[in-house]
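1 is the number of the first residue of the sequence shown in UniProt numbering; add one for each residue after it. Even for Gly, the Cβ is constructed at its ideal location relative to N, Cα and C. Below you'll find the structure, written out as structure tokens, and then a few comments.
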Amino acid sequence: MTSGKKSQNPLTARSGPARGTVLGIVAVVLFAGLVGFGVYQAQKPADVVVPPNATAAGVPIGNPSAKATIDVFLDFQCPACKQFEDLSGQTVDQLVAAGQAKVVYHPVAILDRYSPDQYSSRSSAASACAAADGVFPQYLKLLYANQPAENTPGLTAEKLTELGRQAGAGQGFAECVGSDRYAGWTTSITDQASKDGLTGTPTVKVDGEQIQQPTPDALRQAVAAAQS
């Protein structure tokens, strides 16, 4: 969270000790504080274009037959989501690489109010372009590494495209990002997450059970339990 003269973002409801543990850094972003959230339902298109390598719900990574499923609900503008990735992202990657779990990323857009250019929505739609090109995991890490501060302009379409090239996306990536091809997908998964009772980001679940403090150890333990 930004400190100083700016007041605390009302969408990040929790704060705590310094970043020695995820217990203090995973802030909860409340849908209740998002003014105008109902616009998602009003704008939801009848037919949502789902990107290749994704589903209507998110982006699955890993062996589909893996016993455990990790669901990560995130907003690319959310500082606590970046903190989760910094602390536990490698553990998620290791569990997926070992075939112990698959992960489904749900890039919702709930922080557009805190960006003058709807960065939450634009970055989510751009990540769908990355999914279509098969480079979503790499793009996710680059988006977090270049995360803009809250209440500031988000990355431009040109920068989002440049990061796509760094991730290994194809030649059509720039057009995909520039046209907001998957904006409807972002709207749809955000709306569905709200209907399903999502109360904040990051939210991490293993086989449908929310991990309240998703540290590396907590994730490993939950995945191990799912194997038995």
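**Report entry** Neighbourhood of A183 by C-beta, 6 angstroms cutoff - its chain only, sequence neighbours within 5 removed
**Finding:** As a position in the sequence shown, residue 183 is number 183, starting the count at 1. A distance below 6 angstroms between beta-carbons, with the five flanking residues on each side excluded, links A183 to the following residues of its chain, in chain order: A125.
Query raised in the report: Could you check where the alpha helix (DSSP H) with F136 kicks off and where it finishes?
Result: Your numbering for residue 136 matches position 136 in the sequence shown. The continuous alpha helix (DSSP H) containing F136 extends over residues 136-145.
Query - Spatial neighbours of E209 in its chain, beta-carbon cut-off 8 angstroms, leaving aside the 5 residues before and after - result: Counting from 1 along the sequence shown, the entry for residue 209 is found at position 209. Taken in chain order, the residues that qualify are A222.
Report task. Would you be able to state if there are at least three C-beta pairs under 8 angstroms between the segment 105-123 and the segment 184-191? Result -> The segment 184-191 makes contact with the segment 105-123; the number of CB pairs closer than 8 angstroms reaches 3 or more.
Requested in this report: Specify whether the segment 164-172 and the segment 130-150 touch according to this definition: at least 3 beta carbon pairs, one from each stretch, less than 8 angstroms apart.
Outcome: A contact is defined here as three or more CB-CB pairs under 8 angstroms, and the segment 164-172 meets this definition with respect to the segment 130-150.
Report task. Tell me the start and end of each unbroken alpha helix (DSSP H) in the segment 62-121 that is at least 4 residues and wholly inside, in chain order. Result -> 79-97, all fully within the segment 62-121.
Query raised in the report: Roughly how far, in whole angstroms, is the beta-carbon of residue 315 from the beta-carbon of I61, given that I think they are within contact range, below 8 angstroms?
Result: No answer is possible for residue 315: it lies beyond the span of the chain, which begins at 1 and ends at 228.
Query raised in the report: Helix, strand or coil: how does DSSP classify T203 here?
Result: For the purposes of this step, residue 203 is identified with residue 203 of the sequence shown, where counting begins at 1. Strand at T203.
Report task. Taking only the alpha-carbon atoms, compute the straight-line gap between Q100 and P216 and give it to the nearest angstrom. Result -> Your numbering for residue 100 matches position 100 in the sequence shown. Your numbering for residue 216 matches position 216 in the sequence shown. Take the alpha-carbon of Q100 and the one of P216: they are about 14 angstroms apart.
Requested in this report: Would you please state the rounded distance, in angstroms, between the beta carbons of P51 and A157? I believe it to be under 8 angstroms.
Outcome: Residue 51 sits at position 51 when you count from the first residue of the sequence shown. Residue 157 sits at position 157 when you count from the first residue of the sequence shown. Between A157 and P51 the Cβ distance is about 17 angstroms, and since that is not below 8 angstroms, they are no contact.
Report task. Just tell me which of L87, V59, G89 has its CA closest to the CA of G134. Result -> Counted from its first residue, the sequence shown places residue 134 at position 134. Residue nearest to G134 within the set L87, V59, G89 is V59 (criterion: CA-CA distance).
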